[in-house]
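To start, the structure itself, in structure tokens.
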Amino acid sequence: MRVHSVVKRTKNNELISLCLEKGLTICTAESCTGGLVASSLVEVPGASGTFLGGIVSYVNRIKEELLGVSGSDIEKYTAVSAAVAEQMARGAAERFGADASVSVTGLAGPGGGTDEIPVGRVYIGTFFRGSVFVSEFTFSGDRAEIRRAAAAAALDRLLTAVSGQDL
Numbered sequence: 009m010r011v012h013s014v015v016k017r018t019k020n021n022e023l024i025s026l027c028l029e030k031g032l033t034i035c036t037a038e039s040c041t042g043g044l045v046a047s048s049l050v051e052v053p054g055a056s057g058t059f060l061g062g063i064v065s066y067v068n069r070i071k072e073e074l075l076g077v078s079g080s081d082i083e084k085y086t087a088v089s090a091a092v093a094e095q096m097a098r099g100a101a102e103r104f105g106a107d108a109s110v111s112v113t114g115l116a117g118p119g120g121g122t123d124e125i126p127v128g129r130v131y132i133g134t135f136f137r138g139s140v141f142v143s144e145f146t147f148s149g150d151r152a153e154i155r156r157a158a159a160a161a162a163l164d165r166l167l168t169a170v171s172g173q174d175l
């Protein structure tokens, strides 16, 4: 009896395969997802050929010290902002020397939301070829659902960038 293995085509598989094919290196900078994006990448066999690593910067001091995010921008815009997502993505790419990176910053709740920044608001920064594109999302659900949705969206944004599609 022959057993056939089936490789599930998921975003993380597609992303790793494409980066290996193109010779690209990638990295992550995560806050509210707490490493879910990086974890999903290393699930893929061969990820070490493209994925350099990730930084989980849950507190602002780490965003500033390890990713080069401006403290004054955190004060002005808050950590859950397009400005911080952009700087996290650029800072990660620069520190790792990666071709592409993705950053996630947001508010997973259950508390802490305001009219300006509701629970579920997430900013994803995607760095590729010197440019950073930031996308804003508002996910619904409980804390775990918001974190999973944000991680999935981050993988999608990075896959879109490295495949050469417009963000």
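Just so you know, we're using our numbering here: the sequence shown kicks off at 9 and counts up by one.
By construction, the Cβ of each residue, glycine as well, lies at the ideal position given by its N, Cα and C atoms.
Bridge pairing for THR33: absent [DSSP]. ALA93: not part of any beta strand (DSSP E); member of the alpha helix (DSSP H) spanning 90–104, first to last residue. A contact between stretches requires three or more CB pairs, one per stretch, nearer than 8 angstroms, and the region 123–132 meets this requirement with the region 140–157. Of SER111, ARG155, ASN21 and GLY105, the smallest CA-CA separation from ARG165 is found for SER111.
Annotated three-state conformation of VAL64 is strand, per DSSP. For VAL64, same chain residues with a beta-carbon under 7 angstroms away, outside a window of 5 residues either side, are GLU38, GLY42 and GLY43 in chain order. For GLY120, the number of other beta carbons within 10 angstroms of its own is below 16, and it is reported as exposed. Apart from sequence neighbours up to five positions away, the residues of its chain that approach LEU60 with a beta-carbon distance below 8 angstroms are THR33, ILE34, CYS35, PHE104, GLY105 and ALA106, ordered along the chain. For the options ALA93, VAL88 and LYS84, the alpha carbon positioned closest to that of GLY76 is the one of ALA93.
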